[in-house]
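Taking this note's numbering, the leading residue of the sequence shown gets 732, the next gets one more, and so forth.
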Amino acid sequence: MSYLLEALPALPNAPLTIAISECLVGGEVRHDGGHKRSSLAHDKLEGLFKFRPVCPEVGIGLGIPRDAIRLVGDIKSPRAVSTKDSALDFTNKLIDFASDYAPDLDDVDGHIFTKNSPSCGLFRVKVYGKKDTPPIPEGRGLYAAGIAHWRPDLPLEENGRLHDPVLRENFVTRTFVHAHWRALLEAGLTAKKLIAFHSAYKYLVMAHSIAGYKQLGRLLSDLSGDVERIAVQYFSQLMQALAQPASRGGHANVLSHLQGYVKEQISSSSRKELAELIESYRRGEIPLMAPLALLKHHLGEHEATYAWNQMYLQPHPVSAGLRRDL
C-alpha cells in the first residue's frame, strides 16, 4: 500500500448502519395502519446497509391508525396539521423530535426518507395554501427538514430517487465516504492524516465537482492554524461537492487524468484503445465499467501506486455492482 493509505484507517466494510423511515422496511406505522415497504431497500441495497428504522409521527405519540397530516401555509415555514381538523397542529412536536433524535445519528452514515411524506419527505412535498388553490409541491417534511438542519453533513436521500442508478450510486458513495471520515476521526485526526484523506479522495471529488475540488485544495494549502477547525470545514465542503452527482463528463475527465499515470509505460496502441473507450463512454455509447476496467488493469500491471490507491476506483464494494448502469 502507498503512503496515502498507510496514514489512513481502512475503508469500513459493509454493511454500514443508516437510518430509514420505518414504513419503508415494512413497519406498519402509516396513518392507515399500513406500510410502504420498498423493494429497493431489500434488493438494490442488500448487503450494503443495516437499517435503523424511525417513524417520527409515531415518535411524537400519534396512534396507529390515525388521521393523516399535511403541510399548510407558507412554503418556507409550513405547519403540519391534521387533514380532518386543522386545529390539531403537530409542527412543534415534529421539529422537536428531529432535534432530539439528531444526536442519536452519531453512529449512522446516511438516512433514507419516504417520498411525499409531510414528516419524512425530502423533496417536493405538497404544501397546501388557500382554499380551492392547488398545493405547491416544493416543501420538505418537517422531520426531514430538521435532520437536514441538525446533521448537514449526513448523506440524505429519498426512496423514490434511489431507483435512479446515478442517484443511487451517488448516495452509496457518500455513505462510505462519511463512514471513512468517522473512522479517521476515531483513529485521531492529524494534519498528515487530513492531507492523506484528501489525497486519496481528490479524483473522486474531481469527478463530482471541479469547483469543489479547487475549493478543497485551497482550504488545505495552509494547515498552520487550527487543524480540527479546518477539518470540520473541509468535511462539510467535501460532502457538498459529492452531493452533486458525477456526470459522464466528470467521470471521463478523471479517467483521462488517471490514464496519465501510465501513459509512458503502456504502448501507443494501448493508450489509443483506452482513450477511445473513455471518449466512447463520454458520448454515452458504453457503460463506465468498460474504460474503468481497462484503466485499472494498466494501473495494476504497471504499479502506478498513487493512482491505484485513489478511492475513485472503488469508493464502495464492487459486489454491489452500482457502477454497471452508469
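Beta carbons: idealized from backbone N, C-alpha and C, even for Gly.
Assuming residue i and residue j make a contact with CB atoms under 8 Å, what is their CB distance in whole Å?
i, j, result
"HIS1047", "VAL903", "5 Å"
"GLU777", "HIS766", "Actually they are not in contact, since the Cβ atoms of GLU777 and HIS766 sit about 18 Å apart, beyond 8 Å."
"LEU887", "ALA876", "Incorrect: roughly 11 Å between the Cβ atoms, too far for contact."
"SER808", "ASP884", "That pair is no contact at about 23 Å."
"GLU959", "LEU920", "6 Å"
Do residue j and residue i have their beta-carbon atoms positioned less than 7 Å apart in this structure?
i, j, result
"ARG892", "LEU898", "yes"
"GLY872", "GLY841", "no"
"ARG855", "PRO868", "yes"
"LYS824", "ILE791", "yes"
"HIS982", "LEU1026", "no"
"LEU954", "ALA927", "no"
"ASP1056", "PRO896", "yes"
"LEU925", "ALA977", "no"
"VAL1058", "HIS1033", "The first residue shown for the chain is 732 and the last is 1057, placing residue 1058 beyond what the model contains."
"LEU802", "GLY870", "yes"
"ALA1105", "LEU989", "This structure cannot settle anything about residue 1105, because the visible part of the chain is limited to 732 through 1057."
"ALA745", "LEU793", "no"
"ALA750", "VAL785", "yes"
"ILE806", "VAL858", "yes"
For residue i, which residues of its own chain have a beta-carbon under 7 Å away from its beta-carbon, when the five flanking residues on both sides are left out?
i, result
"MET1042", "ALA931, TYR932 and LEU935"
"PRO796", "HIS762, ASP763 and GLY764"
"ARG768", "LEU755, VAL756 and GLY757"
"ASP838", "THR748"
"PRO740", "ALA914, LEU915 and ALA918"
"ARG1002", "LYS994"
"GLY1015", "ARG979"
"LEU819", "VAL812 and SER813"
"GLY774", "Just to set this straight, residue 774 is Asp in the shown sequence, not Gly. No residues qualify anywhere along the chain."
"LEU1044", "LYS1027"
In the DSSP output, which residue or residues are listed as bridge partners for residue i?
i, result
"PHE780", "LEU747"
"VAL812", "ARG801 and ASP820"
"TYR832", "Per DSSP, none; premise fails for TYR832."
"PRO868", "LYS857"
"ILE997", "Paired residue(s): none; ILE997 is not in a bridge."
"SER850", "According to DSSP, SER850 bridges with nothing at all."
"HIS842", "ALA750 and LEU887"
"VAL785", "SER752"
Go through its chain and collect everything with a Cβ distance to residue i's Cβ below 6 Å, but skip five positions before and after it.
i, result
"SER752", "PHE844, THR845 and CYS851"
"PRO743", "ALA910 and ALA914"
"LEU1023", "none"
"TYR874", "PRO787, LEU825, ALA829, SER850 and CYS851"
"ILE997", "HIS1029"
"THR822", "ARG810 and ALA811"
"GLY804", "ARG810"
"ALA738", "LYS923, LYS924 and ALA927"
Enumerate in chain order the residues of its own chain whose CB-to-CB distance from residue i is below 8 Å, with the five nearest sequence positions on each side excluded.
i, result
"TYR965", "LEU925, HIS929, LEU947, LEU950 and LEU951"
"GLY1031", "TRP1039"
"SER987", "ALA1006 and ILE1009"
"ARG1054", "GLU900, PRO1018, LEU1019, MET1020 and LEU1023"
"SER1050", "GLY778"
"ALA833", "GLY877, ILE878, TRP881 and ARG882"
"TYR1012", "ARG979, HIS982, ALA983, LEU986, PRO1018, LEU1019, ALA1021 and PRO1022"
"LEU836", "ALA750, HIS842, ILE878, ARG882 and LEU885"
"LYS781", "PRO746, LEU747, THR748 and ILE749"
"ASP831", "none"
Exercise. Is the region 938-945 touching the region 962-975 in the sense that three or more CB pairs, one from each, lie closer than 8 Å?
Worked result: Look at the beta carbons and you see the region 962-975 touching the region 938-945: at least three pairs across the two are nearer than 8 Å.
Problem set entry | At least 3 beta-carbon pairs within less than 8 Å: the region 913-920 vs the region 861-871 | By the C-beta criterion, the region 913-920 is judged not to be in contact with the region 861-871, since fewer than 3 inter-stretch pairs fall below 8 Å.
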